[in-house]
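Letter 345 of the sequence shown, counting from 1, is numbered 454 in my numbering, and no numbers are missing.
Glycine residues also receive a C-beta, built at the ideal position from the N, C-alpha and C atoms.
Quick notes on the structure that follows.
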Amino acid sequence: MAILLGSIADDYTGASDLANTLTKNGLRTVQTVGIPDPSLALPDVDAVVVSLKIRSVPASDAVAAAASAERWLRQRGAGHVLYKICSTFDSTDAGNIGPVTEALSEAAGGGSVLVTPAFPETGRTVYLGHLFVGGQPLNESPLKDHPLNPMHDANLVRVLARQSRNAVGLVDLTAIAAGAGAVKARLDALRAAGVTAVIADAIFERDLETLGEVALKTPVSTGASGLGLGLARALVRSGLISSGGATTADAIRPVGGLSAIVAGSCSKATLHQLDVAERSMPVLRLDPERLLAGPDEIAAAISWAGDRISAGPVVIAASAVPETVSRLQSLHGREASGHAIETATSIIAAELVEKGVRRLVVAGGETSGAAVDRLAIPAFLIGPEIAPGVPVLRTVGNAQGDMLLALKSGNFGGEDFFTAALAMMH
Ligand code: ADP
């Protein structure tokens, strides 16, 4: 079964956000972790999001990785490929949005590419080529102080021109409000003038639906989850979707096995969720100092779980209150302590899977990334949402057999998130 929509995401959390948006808007979607092995067997899906980490790497590396992801997606039948970027257009004058967009256009035989980071649901809108973050122009928003990509110019036509070889164009809101025909005509005129990347305005979801409809008739587009929403809705309207709309039910077919929760987020929400979990499940609070000192604390945690896990889910948490975190950071350094604890929690997750855990909830963005890497899970089918932005995930092509996971950013989910997640995972 050929896929209809392919996407190359420039970072992992952006990939998850897009995959979840596509699913909610009617596409059965798989998210891969890196460029998949050629032999990866996909379930019957409409869309595949290939997660890369190319947002802040040298442009030539980003182009090479995106090009091989594109080949993989085209071989699987993708007629359209969305290059998924951040909705705040994170990039520098050296790239990578311009170089990757131009390379993908070239690989597809040339032509103009619609580019928009607009995502109204999160307050990202584009008007006359200027990106607004909430009520502020990009260059007055907190993004002006971003540690990797400080954004000092809200005019995306200028921003993108500085990182592109060809001229950059604009499709403004007037054309978009006039409908798909007007946008297509503008795109054709820009193409004839030698323009590759075309910044598109979008303020409301209906603007993204118009852009999605036009983009689908071209081989490549560049945008954030908002453009993904437009593409998904256009595909559903076209009647081409094999699943006839979202069918996430089979993503949560029971997998059996044991269940566990591993937490590394120290966010307020996660700390409260752990307190609430303590009322109904055994919770082990790891000693962060001992975790950093050597493998004994990990071994102790696994043996603690071993005595309890056959009776029901257990929770193992490195999470701590801000004072404890700062103390550890001042002793060992912020990066070093964070990384060491991520390694420890990922080993604990992997050992729990060795013991038969097939339903796993991980709290913390970095903590989840480290766990997924250690478990070497090649891809996920996106299931229904447990809480906004957090779907149930079903592994695809996993060596240990099918597993269900919930990977939660620290602040996401209500106070009973852990029980709510496990209630959807059988
Ligand atoms: P969030 O999604 O809340 O940002 P992350 O997992 O991305 O959560 O980040 C939390 C970071 O804090 C990770 O690097 C984790 O290893 C680290 N960490 C976890 N527990 C502790 C602790 N007790 N002391 C210091 N750092 C910790």
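Is any heavy atom in the ligand ADP found nearer than 6 angstroms to the beta carbon of V87?
Nothing about residue 87 can be reported from this structure: the residues present for the chain run from 110 to 535 only.
Contact check, D310 vs V280 under 8 angstroms by CB: the rounded distance?
Rounded, the Cβ-Cβ distance is 7 angstroms, consistent with contact.
With a threshold of 7 angstroms on Cβ separation, who are the neighbours of G365 within its own chain once the five nearest residues in sequence on each side are excluded?
R467
Measuring only from the beta carbon, is S214 closer than 6 angstroms to any heavy atom that is part of the ligand ADP?
no
Determine, using beta carbons only, whether I450 and A420 come nearer to each other than 7 angstroms.
no
Check whether the region 310–323 and the region 227–234 touch, using three or more Cβ-Cβ pairs below 8 angstroms as the test.
Enough Cβ pairs lie closer than 8 angstroms, so yes.
Tell me which residues pass a beta-carbon proximity test against the ligand ADP: closer than 7 angstroms to any heavy atom, given in chain order.
The set, ordered by position in the chain, is G373, S374, C375, S376, T379, P397, A427, S428, A429, T433, V434, L437, Q438, S446, G447, H448, I450, E451, T454, G473, G474, E475, T476, S477, S518, G519, N520.
Short check: CB of V471 to CB of L516, under 7 angstroms?
yes
Does E179 pass the burial test, meaning 16 or more other C-beta atoms within 10 Å, or should it be called exposed?
buried
Alpha-carbon spacing of R436 relative to A369, whole angstroms
28 angstroms
Could you check what DSSP says for H239 in three-state terms: helix, strand or coil?
strand
Sheet register partners of P500 (DSSP bridge):
E494
N248 - DSSP class collapsed to helix/strand/coil:
DSSP places N248 within a helical segment (H, G or I) once states are collapsed to three.
Which two residues bound the contiguous beta strand (DSSP E) that contains A306?
306–309
Have a look at I358 and A488 and give me their C-alpha separation to the nearest angstrom.
First, the amino acid is wrong: residue 358 is Ala here, not Ile. Approximately 18 angstroms between the Cα atoms of the pair.
Cα-Cα separation, S518 to A453
18 angstroms
Could you check the C-alpha separation between G188 and I163 for me, to the nearest Å?
23 angstroms
Can you list the alpha helix (DSSP H) stretches of 4 or more residues lying completely in the region 351–431, in chain order?
377–386, 397–402, 405–417
Which residues in the same chain as A480 place their Cβ atom closer than 6 angstroms to its Cβ, once the five residues preceding and following it in sequence are excluded?
S455, A458, V471
For R315, the nearest candidate out of L282, Q438, N275 (CA to CA)
L282
For the region 400–415 against the region 333–353, are there 3 or more C-beta pairs whose distance is under 8 angstroms?
no
Close-in-space but distant-in-sequence residues of the same chain around P246 (CB under 8 angstroms, 5 per side omitted):
H239, L240, A263
Using only the alpha-carbon positions, how far apart do L514 and L502 sit?
5 angstroms
Quick one: what's got a C-beta closer than 7 angstroms to A217's C-beta in the same chain, skipping five residues either side?
P328, V329
What did DSSP end up calling S520 once you bin it into helix, strand or coil?
The sequence given here has Asn at residue 520, not Ser. Reduced to three states, the DSSP call for N520 is coil.
Simplified DSSP state of D119, which is helix, strand or coil:
Coil at D119, not helix or strand.
If the criterion is Cβ atoms closer than 7 angstroms, does the pair A176 and A203 meet it?
no
Please report the straight-line C-alpha distance between L545 and S200, rounded to a whole angstrom.
Nothing can be reported for residue 545, as the shown portion of the chain is limited to 110 through 535.
Return the first residue and the last residue of the beta strand (DSSP E) that Q140 is part of.
138–142
S116, buried or exposed, once every other Cβ within 10 Å from all chains shown has been counted against 16:
The Cβ neighbour count for S116, taken over all protein chains shown within 10 Å, is at least 16; the residue is labelled buried.
Compare the Cα-Cα distances from R271 to each of R483, A306, V385 and report the closest residue.
A306
Under the assumption that T528 contacts S389 (Cβ atoms under 8 angstroms), give the Cβ distance between them as a whole number of angstroms.
6 angstroms
Excluding five sequence neighbours on each side, which residues of the same chain lie with their C-beta closer than 6 angstroms to the C-beta of A174?
Cβ-Cβ distances below 6 angstroms link A174 to L161, I163 in the same chain, with the five nearest sequence neighbours on each side left out; the list follows chain order.
Could you check the C-alpha separation between G143 and V158 for me, to the nearest Å?
Here the alpha carbon of G143 sits roughly 10 angstroms from the alpha carbon of V158.
Check whether the Cβ atoms of A360 and G492 lie closer than 7 angstroms to each other.
yes
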